[in-house]
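Numbering (our numbering), first residue to last: 7 to 145.
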């Protein structure tokens with residue numbers, strides 16, 4: 007199981023450089039995903055992108071991120087906790103980070119040995135709803 011002190015060791019940045027809307031004067035980590043991966047036995051396992059809630063003011067990453075990631079592992083799911091930007095960042099920044107996270111996991115699904123689903127926590131349902139249905143609704 008992952009614990010709070012070592013979670014950053016495995017963080018995967020969502021961008022190599024040129025992060026959209028990035029403001030270095032804002033003291034926040036760069037957008038990333040923290041993988042909670044099961045042992046890869048060669049057959050794809052379901053995966054959940056976890057968006058911790060926090061009303062866009064903070065991310066409840068402990069009880070709505072890491073604990074969820076560990077629990078999902080315990081029932082046979084891979085998990086990717088999405089470390090999206092929050093206040094003072096505003097729309098469309100969390101959506102941009104969310105879309106990039108899902109795109110990243112989908113693009114690397116074979117490498118991770120996963121299929122992808124989406125999980126909902128608190129205020130984060132807004133980007134998830136958009137990410138799941140927004141593209142289709144816009145077309």
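Idealized CB from N, CA, C, for every residue including glycine. All values derive from a computational prediction rather than experimental measurement.
The shortest CA-to-CA distance from residue 120 to any of 36, 47, 97 is the one to 47.
With contacts defined by Cβ atoms closer than 8 Å, residue 88 and residue 57 form a contacting pair. Burial of residue 70 is indicated by the presence of at least 16 other C-beta atoms within 10 angstroms of its C-beta. The DSSP assignment places 84-89 as complete runs of the beta strand (DSSP E) inside the region 66-91, in order along the chain (cut-off: 3 residues). Within the same chain, Cβ atoms closer than 8 Å to the Cβ of residue 118 are found at 41, 43, 46, 53, 84, 111, the five residues on either side in sequence being excluded. In the same chain as residue 50, and ignoring 5 residues on each side of it, the C-beta atoms closer than 7 Å to its own belong to 119, 120, 121, in chain order. Residue 97 counts as exposed, since fewer than 16 other beta carbons sit within 10 angstroms of its beta carbon. By a beta-carbon distance limit of 8 Å, residue 63 contacts residue 92. Their separation comes to about 6 Å. By the C-beta density criterion, residue 61 is exposed, having fewer than 16 other C-beta atoms within 10 angstroms.
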